[in-house]
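In what follows, a structure is listed as structure tokens, so that the remarks can point back to it.
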Amino acid sequence: MSNLKPFIRVAVTGAAGQICYSLLANICKGEMFGADQPVVLHLLDITPALGALRGVTLELEDCSFPLLVDFVVTDKPAEAFADVDVAILVGAMPRREGMVRADLLKANAGIFKAQGAALAAHAKPSVRVLVVGNPANTNALIALTTGSSLPKSAFTALTFLDHNRLKAQVACKLGVAVADVRNTFIWGNHSKTQYPDVSHGTVTNADGSLSRVMDLAESAWARDELVTTVQTRGAAVIKARKLSSAMSAAKAITDHMRTWWFGTEPDDIVSMAIYSDGTHYGVAEGIIFSFPVTIDAATGDINVVDGLDIDAFSQSMLDKTQAELIDEREAALAFLAESNL
Ligand SMILES: NC(=O)C1=CN([C@@H]2O[C@H](COP(=O)(O)OP(=O)(O)OC[C@H]3O[C@@H](n4cnc5c(N)ncnc54)[C@H](O)[C@@H]3O)[C@@H](O)[C@H]2O)C=CC1
Ligand SMILES: O=C([O-])CC(=O)C(=O)O
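Heads up, the sequence shown is in UniProt numbering, so the first residue is 1 and it goes up one at a time.
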């Protein structure tokens with residue numbers, strides 16, 4: 001008798017792209033939902049990419065993953081989101097030469113408007129959605145707006161890559177293991193205005209005691225070099241690889257969904273971009289903002305960690321990233337209204 005659970009349906013968009021080339025294997029190996037959780041993959045891409053996606057599915061077959069029950073390949077959001085438990089929205093219009101951020105927002109507003117509506121119409125009411133395609137926070141807000149029959153809490157955007165980058169930078173600087181770095185997190189937008197915050201960070205020592213990151217590192221490093229390194233890490237990867245982060249993005253997507261599925265470890269705090277309801281740290285209502293959060297394993301509820309001290313430097317960083325998200329929201333909503341997209 002098999003002791004596997006009943007299968008779940010997982011939609012992945014942009015399935016022919018480079019992030020998904022790593023991500024799909026992570027899912028099928030059980031790294032996201034557990035080694036006893038079979039999956040049916042719903043793979044969405046645009047029509048011209050279906051040939052390449054067929055190549056990916058040939059390889060999925062060849063991997064002979066015991067947890068992969070079946071897959072659906074489609075260029076239609078309605079089919080991709082039919083009855084899904086989870087939707088990972090990776091596919092997006094990439095920035096092309098000569099495009100300004102506003103062009104990118106506009107192109108993606110149309111895509112995520114359609115996908116939000118299709119999710120609301122076809123996915124399970126309990127669906128959990130993670131938006132990865134950039135600009136991730138605002139794309140998630142558009143999907144949430146048109147998918148409004150789903151709870152706002154169903155929509156998240158990825159800042160776990162920034163979270164992992166921050167932890168790794170701190171561990172490297174202090175010469176400690178990443179697993180021993182805690183309470184460092186990302187606030188705001190997945191963009192150059194994000195605030196990688198180590199002001200509450202701790203390092204667990206060999207005897208179990210805690211040291212504060214700010215007592216071990218100079219504050220000039222923590223507020224300047226570290227912040228800039230994490231904010232511009234995506235650009236550094238693009239410059240070196242001539243392609244954007246893919247292995248690390250797939251790992252972060254896996255971390256985000258696994259944490260949402262199974263809950264946070266005791267004493268752990270992670271970073272996720274979620275709908276701001278206006279009740280945390282003075283952040284405006286109606287944007288998708290990255291907060292320090294914990295996740296209740298029993299319910300899957302994502303809870304903002306309240307009550308952290310925000311000093312003047314941190315407040316100025318929060319204000320800046322919030323202002324950018326409000327601008328992005330206004331631009332994206334204006335495009336939707338103007339062009340009746
Ligand atoms: N939030 C984050 O931390 C990160 C976000 N990203 C973003 O993730 C996205 C994907 O990155 P890659 O896989 O490297 O890009 P890629 O260009 O290799 O693949 C994107 C795939 O999406 C597909 N696509 C485009 N429009 C689509 C639509 N309307 N529906 C379904 N599929 C569609 C494309 O055909 C392509 O196969 C980009 O927007 C990138 O900027 C990348 C790294 C980190
Ligand atoms: O800019 C990009 O497309 C890649 C990205 O988001 C990152 O690496 O953080």
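We put the CB at the ideal spot given by N, CA and C, even for glycine.
Nonlocal neighbours in the same chain, by C-beta distance under 6 Å from residue i, ignoring five residues either side
i: Phe335; result: Lys106 and Ala109
i: Ala222; result: Val198
i: Arg182; result: Thr202
i: Val129; result: Ala87, Ala154 and Phe155
Contacts around residue i, its chain only, beta-carbon distance under 7 Å, and the 5 residues preceding and following it disregarded
i: Leu144; result: Gly116, Lys152, Phe155 and Tyr275
i: Asp70; result: Val40
i: Met247; result: Ser22
Closest by C-alpha distance to residue i, when choosing among the options
i: Ser290; options: Ile186, Asp103, Ala220 and Asp45; result: Ile186
i: Asp75; options: Met99, Val69, Leu60 and His42; result: His42
i: Asp311; options: Leu4, Ser219 and Thr254; result: Ser219
i: Leu50; options: Val73, Glu265, Glu61 and Ala35; result: Val73
Cα-Cα separation between residue i and residue j, rounded to whole angstroms
i: Ala297; j: Val304; result: 15 Å
i: Asp327; j: Leu333; result: 10 Å
i: Ile19; j: Pro38; result: 21 Å
i: Leu58; j: Val10; result: 18 Å
i: Gly286; j: Gly278; result: 7 Å
i: Thr294; j: Ala80; result: 30 Å
i: Asp319; j: Gly282; result: 9 Å
i: Val237; j: Ser316; result: 27 Å
i: Thr254; j: Asn164; result: 12 Å
Three-state class that DSSP yields for residue i in the structure shown
i: Val286; result: Here the sequence assigns Gly to residue 286, which means Val is not the residue at that position. Gly286: coil per DSSP, three-state reduction.
i: Tyr195; result: strand
i: Tyr281; result: coil
i: Gly116; result: helix
i: Pro292; result: strand
i: Val178; result: helix
i: Ala92; result: coil
i: Asp75; result: coil
i: Leu105; result: helix
i: Asp62; result: helix
i: Gly208; result: coil
| field | Every unbroken beta strand (DSSP E) inside the stretch 120–170 [3 residues or more] | value | 128–131 and 155–157
| field | Every unbroken beta strand (DSSP E) within the stretch 212–283, with a cutoff of 3 residues, ordered by chain | value | 270–275
| Can you list, in chain order, the stretches of the beta strand (DSSP E) that have 3 or more residues and sit fully within the stretch 296–340? | 302–304
| task | Tell me the start and end of each unbroken alpha helix (DSSP H) in the stretch 2–60 that is at least 4 residues and wholly inside, in chain order. | result | 18–28
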